[in-house]
Structures are given as C-alpha cells and as structure tokens.
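Undergrad: These protein sequence lines map, in sequence, to chains A and B.
Per the working numbering, residue 72 is the first one in the first sequence, and the count goes up by one each step.
Per the working numbering, residue 55 is the first one in the second sequence, and the count goes up by one each step.
The structure follows.
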Amino acid sequence: MANNISITVNGKTHTGEVEARTLLVDYLREHLSLTGTHIGCDTSSCGACTVHVDGKAVKSCTMLAVQADGCEVTTVEGLSTNGSLHPIQEGFREEHGLQCGFCTPGMMMTATDLLKRNPNPTEHEIREALEGNFCRCTGYHNIVKSIQHAANKMNEATA
Amino acid sequence: MTKYIGKSVKRLEDKRFITGQGKYTDDIKLVNMAHAYILRSPYAHATINSIDTSEAKAMEGVVAIYTGADIPEAIAGVPCGWQVNFKNGDIMKEPPHPLLVRKKVRHVGDGVAIVIADSKAIAKDASELIDIDYDIHDAVTDPKAAAQAGAPLVHADVPSNTCFDWELGNPKEEVSAAMASAAHVTELEFANQRVVPNAIEPRSAIGHYDTAHDRYTLYTSTQNPHLTRLLMCAFVLGIPEHKVRVVGPDVGGGFGSKIFHYTEEALVTFFSKIVGRPIKWTADRSEAFLTDAHGRDHVTHAKMGFDADGKIVALQAYTYANMGAYLSTFAPAVPTYLHGTLLQGLYTTPKINVDVTATFTHTNAVDAYRGAGRPEATYLLERIIDLAALEMDMDPAELRLKNFIEPFDGVEQEGYVTQVALQYDSGNYAPVLNRALEMVGYEAFRKEQAAQSNGKLLGIGFSTYIEACGIAPSAVVGALGARAGLFESAQVTVQPTGKVSVYTGSHSHGQGHETTFAQVVADRMGIAIEDVEIIHGDSDRVAFGMGTYGSRSLAVGGSAIVKSVDKVLEKGAKIAAHLLEASPDDLDYADGKWTVRGTDKSVAFGDVSLTAYVPHNYPEGLEPGMDFSSFYDPTNFTYPFGAHVAIVEIDKETGAVKLKRFIAVDDVGNVINPMIVDGQIHGGLAQGIGQALHEGTVYDESGQLINGSYMDYCMPRADDLPSFEVDRTVTPCPHNPLGVKGAGEAGCIGSTPAVVNAVIDALWKGGFKVKDVPMPMTPERVWTAMQ
Ligand code: FES
Ligand code: FES
C-alpha cells in the first residue's frame, strides 16, 4: 500500500510515495540517502537513529514515515549551518566524544534536544538524558564532556 | 623534533563522522542491488527432515532462495585459523562450520536458508513462508556439563564434546608439592560468564560480482579485510585471491567480533555471481546477538598457595572453555595462548600449572572479545589474590606489592622469563599501584569505610594486571598453532610535491589511526600533519595487511610505517647529498630539510621528492621515485600493565551496587596521542565494568538465548557509570621503534575483577564472608549473598 507524503528534511521538502510500513529511519536512509542516521537495533533501545521531528528528539525507528507527513525533520546532515559546525559537533571533536562514530549522530541529536530544554545541565542530568543512547566505544566519559563543552560555547554565544 | 607525538591532536577523521558522512557498509548502495535475509534455526539442536521453499520462491520480488543443498560439497565452510593440540599430541577436533546447514542445526541462529529479494522486507516476508520440518534434540550449553558422560553430542564424531585438552607451565606434581608446603591456600571456583561484544553497528556485508573483469568485491564490516580475503578465497570459496577485492569501509566498532571470517561474507560473495546482482546482508540486532562471536565463557577452579609471609608459592588452575557449536577463526587461541600464558601476572609465583579443556556446546561460537583470554587470566589471578588477602587478613595492596616482580627495562636488565612460556619486555609495577593508591586516598578511604553506618556497605577492590599485546611475532605464534603470520605491512608513497600517502594494513574502527599514524609520520618526516594521509581498509589500495586486534596497530602496524618512512629518508638523503654536493653522512635531517652539518646549506623535503620524480640532476644509479613498502614482524609481544581500583557502595536493603569511583593507572609504553589513549581506556573500562555488574548471556536448558536483544541484555548506559579517573606511567617497550605497547584492551582487562573485588570487600567488611558472587553482580545476587 503506497501513501503520498510530504516531509521537510533539513529544510528541503520531499514529496513522494512510501509504503505504509516504511519506518521514518528507512525513509531517510533508503529514499533520501541520508545515511548519517543509523540503525543499531530492532527494539528502539539504542538511539543511533535519533533525529528531530518538529524540534524534538525522536527515535526514527519508532515512527512510520507516514506519521511524519507534514513534519519538519532535522537529521545529523542538517546540524551545521552555512558550512560552520554546530557547537555540539565542535564539542564532540574537541573532547573526543566519538570513536567509531556510529552512535555519534544519535548522541548529538539527543544532546542538542537536551541543551535546548536545559542549557546548563549537570553531569547527572546529561547522563540521564543519554539514557536512551548506547555507545559501546567511549564509556560515555568524553561524551559527557563534549556536551558540557557545547553547553559552555552556546551559553557564551548567547551571553 | 616532536611537534605532534605526545600531543592530543584532535582527530582528523572526526569531520566526516560528526557531519553524518561516515560510510559504513550498510550505507553503501550499488546499482541493481538485491537484499538477503538469512533464515536461522529457532532450535539449538535439531535434525532437518525437509525444507520446502516453493511458496516463498513464488512471492513477488523474491530473486532466489538457497539452502545448504545448493552449496557445492567442495565448500565445506569457514575455517579456523589456530590449531591447538591435545595433551597427547592429537590435533584438536575441528568439525566443519558450513555456510548453510545441510542436515543438523547446532545452535539457535545456525543459518538454514538465504532468501534474496528486491528488498530486505520482502526477503523477510518470504522467509516466513519457508516450511521446515525439524526433529528436536536435547541440548547442552554449559562448557563443563558438555564434557560429562551422557551429555548430548554437538558433533557425533567429537567424544565428550571435547575440542582439545591442554596444559602449560610447571609439571602438576611440582605445583602440588609447592602447594602442600603453603601456609595458606586460597581456593575459588567461578564462572567468567559469556558476554556479547555488541558493537553498535550490526555486521553487514555486500557481495558484488563484476562480469566485465571476472572479479568480486566484498564490502564488509571487518577489522581485517586482507585476512578475510585470504580465508574466504583460499579456504572457503576457492576463488583466486587476486580476483577479489575486500573493503572494510568505516566500521562501527569491533571489539574482536569483527575479526573473524563469517559465513554471511562468503554467502553474499558466492551468490552474487549466481544471481548476477550485488547482494547486501545486514544483521538485525537480534541476529547479531545470535551470530556475532561471543566472548569469555570459562568455568574455572583455581588454587593459590602462600607462605607465612604472604609470598605466593604456587598456582594451579583448571578451566573449561566454551567454544560454542563451531570453531570461530581464533577461538582455540583464546583460552590457551592468550590465557594460560598470562597466569604469571605481575607476580613472582615460582610454580604455575594451567589445565584447559575446550568443549563444544549448542550455543553460538565464542572467540576473541576485547582482551581475549587476558581478561579471563586477570580475573582468575586478581580475584584469588584479593580473596587471599581477606582470608589472611592482610592488606590487598600490600599483598600485591610484596609479590611484584622487580623492575626491569629489557635493555640493562633482561626481560622477565615466566613459568608459562613468555618473556616480558619491560616492567615497573609498584609505581602504577602506588599512584592509584594516592589517587584513591587509600588511608582516608579505609577510615571512611570503617565508619560507614547508614545502611550502605562501602568496598574497595584492586586489580593489577599485565597483558600481552602487539600481536605477534610470527615464528612464535606459528610454533603455538597460529595458521597465519602476524606481522604488518605499510607502504609510504611520497608524491612529487612532497605530500605523503601512507597505506597501512591496520584497520581503524574507532581507534583514530588516521590521526595517530599521521602524527608519527609527520614528526618523523618533519612535515605538516595536513600533508599526510592515512589510507586503510581496502585490499585494492593497500597491498597487504593483517588488520587490527590484540592492541597491535601502533606497535606492529606503526612500526611497519616507521620502517617505510626511514627508507624514504634514507633515499632522500642520497638525493639531497647529490643536490648539495656533499656526502649523505655529512647531512642532518630536521624540520623537513637536509642541512650540511655546520653550514647553512640545505635542501627541503619537497625539493628532494620533486627531484625523485624529475630526475634530471640525479645521483647515478639511483632509481627514480619515492615509494617504499615494509613488513614488520615484531620480535616479542608487548606487555602493558596497570592498576585499577574500584569503589562501590552496596545498598543493604536491595543489594544494588553503585560504582562510586573508578581509578585506572595504566602503563602502555610511550604515548603518541594522550587524548586517544585515554579514550581507549575509558571505553575498555566501561566494557569491563559492564561484565562485572550488568552483562551476561542467559541460555535456557533447551539452548535458547533468553536475553538476545537490547531490551533484555543489560549493557551499561551513561547513568550506570561514573566519570573515570585515569593516569599513567610510562615504561617504554624496548623492542619496537616507537617504544609503544598498545592501549586498546587494557581498560577491559583490568576493570572487571576490580569491581567484583570491591563488592566482595564491602560484603566482608559488612560481615558477610562470601567467596564469590557470580557476575553480573545484580542486586538480586548481591542481596542473596547477604542472606
Ligand atoms: S535503531 Fe532506533 S533505537 Fe536503535
Ligand atoms: S563511538 Fe562507537 S558506539 Fe559510540
């Protein structure tokens, strides 16, 4: 069964047909070739697929593409603007918040959502916010520091 | 000279990952690509009576379906790369591991059919229409139970399910005699439970046959593309090696599980020619749980004897090691040459014997997982010595210090020769423990612990470990059963403009080689790091390689790069001497130029490289060009060591364990990039702590993996862990040019026993004198221990 949908991804509107059972993550990866959003599990547990839907962090494997009809979606590919890195991207690079990089897009999307809601999170709050995102490489230590780095940068910018 | 070495240079590879441009295997799309789904056995042990694929084949969008019967008899299956012999000299039992099962399934997840379709969804749907009639049999999953009389046999021709038995060290009689003389003997029986490596990128493989060139390409999430090519071509499919390209693109973590050559790689390669389309297979997470090689799974009984002063006099260990249903690529090496050989630890134990029985069970294969054998050895030693301290009422740190091997640098003082077949390279063990004690604030902690009275129990646990890395001297491992050499190769190509391309056989899947290796090359050549590019992971670009595992990349791969760089500089000196009208012996090389000693006459690296490619004014008889390959075969393993300390708090009401602090002081030899080394330690710590507190497979009696998903298998999340406190000492490796020892596995090797020891310490100090709480130390298990 095909459905006509229209989704705005990273500022660009895509209109077309998808099967009703197509997950948002598969739509992004297969239809739009936005492969920065990853798939790490089949139980909605790992967070590798996290994107923003209408400004909120969502695991894109838990949502059908048709449910995102009419929504604004941001993926990791849409994080940097006009060629300059988002502070969260800088934070991950500065603080060595990634090793293999597979969890990283999901981590950064979760982190930017957190910083929007809570610009000054404590270490504890950061760790709690990352509850739905697995990283097997970093032991989370430097991911926490990366997010703190980004928070500082973003606060400086708005100060 | 060292502008980059020793500095925390930010990673050059990060840009693509933080912008979503990493290219992992599943991100690759080829024209006309089909998708495969592997139908797997739902039973651990069963006979297939019949398979009916007709209805599934008729489904729209299905390209083809193949079963074991469709695979030529000549393709026996994936091979094992390490041979261990029985004590009596017989060769280990090595039953074939078929690409798809023909008659008998031997673990849940054993591949039965491959469904190839226009999409993965169609392939999956079609697989549900395949009708298979099974006769189900009893299963055995425990490595010790498997060896007992009457256990169901995994392979009819392997009696007692025993793959091999093996021993190492001093004769048992000598060990028993020493044990009999001991003033105190500590005895411990424990399991080092099975864990799942769980790289977050699931395994994936794409096979592509190109008719125009009669050539195959395999993209695969591997830690060693060349080794995969060798094994698949020469031992599985019988395809000439030069007709196959294997690419390991960006790989989302490995931790050992992506070393091995897997059946799916051979399946997509083989069938891509038959169906005439590229075929992609990507594991679902639940499939990864069932088929990625698992780690650990030892059952051990050990005894350690001490004299009245607390000096260790003897160690005897018996271990049953689970191989799973089939032998994975390096499985036999793990409980033997990567485990038994490490039982000297940091101690002067004069008599050691280790006896290992490896068994087949109706479970998924077990093979190297971060640390591979060395975590099991460390767990054995460090659990028993901590317990001995409690039993003898001695301080666990003092007991260790008393037994440490004296310092030796491997240059002035000989390397330490162990009772278990190794010679350590260099070591200075007391400083790592002393530094850790200082960081903990040991005395203050003991006071706090004694004063604790709020319904919580505080505990401290130690672990001082050694590991053998930089795997490995080929002749040595060859004598021990390896069927491959374990050298590394590197090619350094200087472009005419002086830019440098480095082709390494090591493979980076998170380790940051593109940065660390570039730091080494840029410093040694005195050029800017931006002028160096590191290329890896493609057998068509990199001539040869053995890949990344066993903390070997820098120690072995880095050394091969250094050799090639030195050849470049040696040739460069000849050209420079010609241009400067001097003798090469009178030249100094620094900051990217050759200078005639004592003058200001110099020529830059870029001018020399240009001359090599435009050889108009050129030394007579010298070949043009600047391109050198090298192979480096180490003369010994490297031996990093360290001291880890955990502080835990147990809730007496619930048994819940909170890891309050974790201190790690590691010595990995010289350090090229401290930021990356710290990151490697952090990641290893999380995995080791995960094993202690959270992780572990649960197989039921029928051989079902009960917790085969991220919902059910507990992996550490961010809020399960504290920030780590890490430091290091530096004892250079005396036998490789960079003096490095390897950092990839250290964290995972040292941390597990430290955490468990801390829990046991808390329990003893709280009046519960238990010898062991099985891992993972869940609240329920800890609570039970207090009843
Ligand atoms: S892929 Fe979406 S949570 Fe794992
Ligand atoms: S960086 Fe590899 S999983 Fe997080």
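Every residue gets a Cβ at the ideal spot worked out from N, C-alpha and C, and that includes glycine.
Because the structure is a prediction, the values reported are computed rather than measured.
What residue range is occupied by the uninterrupted alpha helix (DSSP H) comprising Val329 of chain B?
TA: Segment 317 to 329, the alpha helix (DSSP H) holding Val329 of chain B.
Undergrad: Between the Cα of Pro150 of chain B and the Cα atoms of B:Ala210, B:Pro96, B:Ile170, which residue gives the shortest distance?
TA: Minimum Cα distance to Pro150 of chain B is reached at B:Ala210.
Undergrad: Leaving out five residues before and five after Thr121 of chain A in sequence, what residues of the same chain have Cβ atoms less than 6 Å from its Cβ?
TA: Answer for Thr121 of chain A: Ala128, Lys130, Gly177, Met180, Thr181, listed in chain order.
Undergrad: Excluding the 5 residues preceding and the 5 following Glu161 of chain A in the sequence, name in chain order all residues of the same chain whose CB lies nearer than 8 Å to its CB.
TA: Closer than 8 Å at Cβ, skipping near neighbours: His220, Ala221, Lys224.
Undergrad: By the criterion of Cβ-Cβ separation under 8 Å, what are the contact partners of Thr73 of chain B in chain A?
TA: Here the neighbours are Gly107, Val147, Glu148, Leu150, Ser151, Leu156, Gln160.
Undergrad: Hey, is Val117 of chain B's beta-carbon within less than 8 Å of any beta-carbon in chain A?
TA: False, the Cβ-Cβ gap to chain A never drops below 8 Å.
Undergrad: Return the chain-ordered list of same chain residues with a C-beta closer than 7 Å to the C-beta of Asp540 of chain B, the five sequence neighbours on each side being excluded.
TA: Per the sequence shown, residue 540 of chain B should be read as Leu rather than Asp. Here the set comprises Ile525, Ala526, Ser528, Val531, Met600.
Undergrad: For Ile197 of chain A, collect the residues of the same chain with a Cβ closer than 6 Å to its Cβ; drop the 5 residues on either side in sequence, then sort them by chain order.
TA: Same-chain partners within the cutoff: Val215, Ile218.
Undergrad: Enumerate in chain order the residues of its own chain whose CB-to-CB distance from Leu183 of chain B is below 6 Å, with the five nearest sequence positions on each side excluded.
TA: Glu109, Ala110, listed in sequence order.
Undergrad: Take the Cβ of Thr93 of chain A as the centre, count every other Cβ of all protein chains shown within 10 Å, and call the residue buried at 16 or more, exposed below.
TA: The residue in question, Thr93 of chain A, is buried, as its Cβ has 16 or more Cβ neighbours within 10 Å.
Undergrad: Can you check the segment 749 to 825 of chain B for any alpha helix (DSSP H) of at least 4 residues that lies completely inside it and give the ranges in chain order?
TA: Complete alpha helix (DSSP H) runs here, min 4: 800 to 819.
Undergrad: Let me see if you follow: with CB-CB separation under 8 Å, is His698 of chain B close to chain A or not?
TA: By this cut-off, His698 of chain B is not an interface position.
Undergrad: Taking just the CA atoms, how far does Ala193 of chain B sit from Val155 of chain B?
TA: Val155 of chain B and Ala193 of chain B: Cα-Cα distance of roughly 17 Å.
Undergrad: For ligand 1, is there a heavy atom less than 7 Å away from the beta-carbon of Cys120 of chain A?
TA: Yes, the beta carbon of Cys120 of chain A sits closer than 7 Å to at least one heavy atom of ligand 1.
Undergrad: So the beta strand (DSSP E) Gln247 of chain B belongs to, where does it begin and stop?
TA: Looking at the DSSP string, the run of the beta strand (DSSP E) that includes Gln247 of chain B is 238 to 249.
Undergrad: CB-CB under 6 Å to Ala288 of chain B, same chain, minus the five flanking residues each way: which ones, in chain order?
TA: Taken in chain order, the list of residues that qualify is empty.
Undergrad: Starting from the beta carbon of Thr175 of chain A, find every residue of chain B whose beta carbon is closer than 7 Å, and list them in chain order.
TA: Residues of chain B passing the Cβ test: Phe71, Ile72.
Undergrad: Could you list which residues in chain A have their beta carbon closer than 9 Å to that of Val305 of chain B, in chain order?
TA: What Val305 of chain B touches in chain A: Cys171, Phe173.
Undergrad: For Arg606 of chain B, which of helix, strand or coil comes out of DSSP?
TA: Arg606 of chain B falls in the coil class under three-state DSSP.
Undergrad: Comparing the CB of Thr411 of chain B with every heavy atom of ligand 4, is any distance shorter than 7 Å?
TA: Here the bound small molecules are ligand 1 and ligand 2; ligand 4 is not part of this structure.
Undergrad: Mind checking who Arg299 of chain B pairs with in its DSSP beta bridge?
TA: Partner(s): B:Thr271.
Undergrad: Can you give me, in chain order, the residues of the segment 104 to 132 of chain A that have a beta carbon less than 9 Å from any beta carbon in chain B?
TA: Listed by position along the chain: Ser104, Leu105, Thr106, Gly107, Thr108, His109, Ile110, Gly111, Cys112, Asp113, Thr114, Ser115, Ser116, Cys117, Ala119.
Undergrad: Among all the DSSP beta bridges, which residues are the ones paired with Cys523 of chain B?
TA: The partner list for Cys523 of chain B (beta bridge, DSSP) reads B:Thr692.
Undergrad: Less than 8 Å between the CB atoms is what I'm expecting for Phe691 of chain B and Asp721 of chain B, so what's the real figure, rounded?
TA: Wrong, their Cβ atoms sit about 15 Å apart, outside the cutoff.
Undergrad: Please state the DSSP three-state secondary structure of Ser656 of chain B.
TA: In this structure, Ser656 of chain B counts as strand in the three-state DSSP scheme.
Undergrad: Going by beta carbon distance, what residues of the same chain come within less than 7 Å of Leu759 of chain B, once the five residues before and after it are set aside?
TA: Val162, Phe343, Leu344, Thr751, Tyr753.
Undergrad: Would you report the Cα separation of Pro485 of chain B and Ile459 of chain B, rounded to the nearest angstrom?
TA: Roughly 12 Å separates the two Cα atoms.
Undergrad: Please look up how many angstroms separate the CB atoms of Ala412 of chain B and Cys134 of chain B, rounded, as I've assumed it's under 8 Å.
TA: About 12 Å; that fails the 8 Å criterion.
Undergrad: Which of helix, strand or coil does DSSP assign to Tyr478 of chain B?
TA: Of the three classes helix, strand and coil, the one that applies to Tyr478 of chain B here is coil, per DSSP.
Undergrad: Mind checking whether the beta-carbon of Ser802 of chain B lies closer than 7 Å to any heavy atom of ligand 2?
TA: Going by the sequence as given, residue 802 of chain B is Cys instead of Ser. Cys802 of chain B Cβ: outside cutoff for every heavy atom of ligand 2.
Undergrad: So is Ile589 of chain B in contact with chain A if we call contact Cβ pairs under 8 Å?
TA: So no, Ile589 of chain B is outside the interface.
Undergrad: Compute the distance between the beta-carbons of Val408 of chain B and Ala371 of chain B, then report whether it is under 8 Å.
TA: Yes. Within cutoff.
Undergrad: If you draw a straight line from the alpha carbon of Glu436 of chain B to that of His698 of chain B, how long is it in whole angstroms?
TA: Cα-Cα distance, rounded: 11 Å.
Undergrad: What three-state label does DSSP hand Val290 of chain B in the structure shown?
TA: Three-state DSSP puts Val290 of chain B in a helix.
Undergrad: Round the Cβ separation of His748 of chain B and Pro830 of chain B to the nearest angstrom and send it over; I've been treating them as touching at under 8 Å.
TA: Contact holds; Cβ gap of about 5 Å.
Undergrad: Can you check whether the CB of Asp172 of chain B is closer than 8 Å to the CB of Val410 of chain B?
TA: The answer is no: Cβ separation not under 8 Å.
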